[in-house]
Ligand code: GLY
């Protein structure tokens, strides 16, 4: 029996390696066609970057009903993802035109460094300026990024040990936190290192990660979406459904944010606790009875048979590739193999748009906010961003 199990596991590893080799061989082609789509997207979006009142906007998605790009304010939480995808495509192809367009779009986002009314400044600025500084090997954006880190820390409540996700800093009635917030901590980890190991930013990131780990997940590793904390008793006052199907199920993208976020915190801090937790939240998703065979989750783990969410798949795949490397051994290889399966699916015509479709965004079938009836079965700029990130992680 033991020999049979070993033989089966060797066979599965061989199949996974063959799948990965095939995908890796296809990468130059996927990057080339994705770069062509983003060149076209850039050309269509550039004349729309200022609205009638002169306010700055970036492309967020495609409005199929109107047949036009969905341009959103540079304050919208996803505004860093389109420039970030251009950075990743520059990294993948070395195309200087993409670098210059990435720079142009990135520099439209500067005003976010002073914003303190949401936690998304981490997403916005680190996906854009963070990639810019890394790929251009420049420190010219450091002051702006450090200012953003300071702004984000203004949302930290030291008594709760948490950064407020939504709502105004002065609001004493509500203190809302969502698992997406884990993604904003990478900026703080960078800021801590950029300031020569200054504890302040790292302390905030660790406090937020630790308290989110304590309160935001069920025993099985599934996440709640929105928690409201009482600022007097320091207890969770209410669980809110948010973008999920119910308070009892796990919203798929929230689960993916947690996988990606705790893996990032494990990388940045070397903490074994975060690494173990990243595995717990990943195992919840991978082993879930409602996880489809191709690894592209339904929009909520409690909504089998409804729309898939390609953004949940791409965020998860990117996190799993990194997690696989940190965990190592057979378990690490299994995380990587799962991610490869997800990426193979995403790169197939079932999810990767044909030329001229989808407003030139790469992935179809994303779900933004199903309970609100908003952005259901549509391209999403962040789905593309984490798809490209995952492919680059595979390439590296
Ligand atoms: N961070 C918002 C979302 O994932 O929809």
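Residue numbers (the working numbering): 4 to 399. Heads up, the beta-carbon is just placed ideally off N, CA and C, and yes, glycines get one too.
**Item:** From 234, 35, 146, 166, residue whose alpha carbon lies closest to that of residue 198
**Value:** Ranking 234, 35, 146, 166 by Cα distance to residue 198 puts 146 first.
**Message:** Is residue 258 a contact residue of ligand 1, with contact defined as CB to any heavy atom under 7 Å?
**Reply:** Residue side-chain check: residue 258 keeps its Cβ at 7 Å or more from all non-hydrogen atoms of ligand 1.
**Request:** Over the uninterrupted beta strand (DSSP E) stretch that includes residue 183, give me the two end residues.
**Result:** Where residue 183 is concerned, there is no enclosing beta strand (DSSP E), because DSSP gives it neither an H nor an E.
**Prompt:** Beta-carbon separation of residue 2 and residue 312 under 8 Å?
**Reply:** Summary: the structure shown does not reach residue 2, with the chain confined to residues 4 through 399, and so no result is reported for it.
**Under the three-state DSSP convention, the category residue 166 falls into** = The three-state secondary structure of residue 166, taken from DSSP, is strand.
**Request:** Quick one: using the 10 Å Cβ neighbour count with 16 as the cut-off for buried, is residue 142 buried or exposed?
**Result:** Exposed is the call here.
**Prompt:** Would the beta-carbon of residue 324 fall within 8 Å of that of residue 393?
**Reply:** Yes. Within cutoff.
**Prompt:** Under 7 Å from any heavy atom of ligand 1, does the C-beta of residue 80 make it?
**Reply:** The answer is yes for residue 80.
**Prompt:** Nearest to residue 25 by CA position, among 203, 321, 350, is which residue?
**Reply:** In terms of CA proximity to residue 25, 350 leads the group 203, 321, 350.
**Asked** Can you tell which of 215, 192, 219 has the C-alpha that lies nearest to the C-alpha of residue 206?
**Response** Of the candidates 215, 192, 219, the residue whose Cα lies closest to the Cα of residue 206 is 192.
**Asked** Taking the alpha carbon of residue 280 as the point to measure from, which residue in 340, 215, 153 has its own alpha carbon closest?
**Response** Check the Cα spacing between residue 280 and each of 340, 215, 153: the tightest is with 215.
**Asked** Is residue 13 buried or exposed, if buried means 16 or more other CB atoms sit within 10 Å of its CB?
**Response** Confidence is the limiting factor: at residue 13 the pLDDT is only 49, short of 50, which leaves the residue's position unreliable, though a coordinate-based value still follows. The residue in question, residue 13, is exposed, as its Cβ has fewer than 16 Cβ neighbours within 10 Å.
**Message:** Quick test of the definition: if touching needs 3 or more C-beta pairs under 8 Å, does the stretch 232-240 touch the stretch 153-167?
**Reply:** The count of Cβ pairs closer than 8 Å, one atom from the stretch 232-240 and one from the stretch 153-167, reaches three, so the stretches are in contact.
**Asked** What's the call for residue 381, buried or exposed, on a 16-neighbour Cβ count within 10 Å?
**Response** Burial call: buried.
**Prompt:** Does the distance from the C-beta atom of residue 139 to that of residue 398 stay below 8 Å?
**Reply:** Taking 8 Å as the Cβ cut-off, residue 139 and residue 398 do not qualify as a contacting pair.
**Message:** Under 8 Å: do the stretch 118-131 and the stretch 76-90 share three or more Cβ pairs, one atom per stretch?
**Reply:** Cβ pair count under 8 Å is three or more, so yes.
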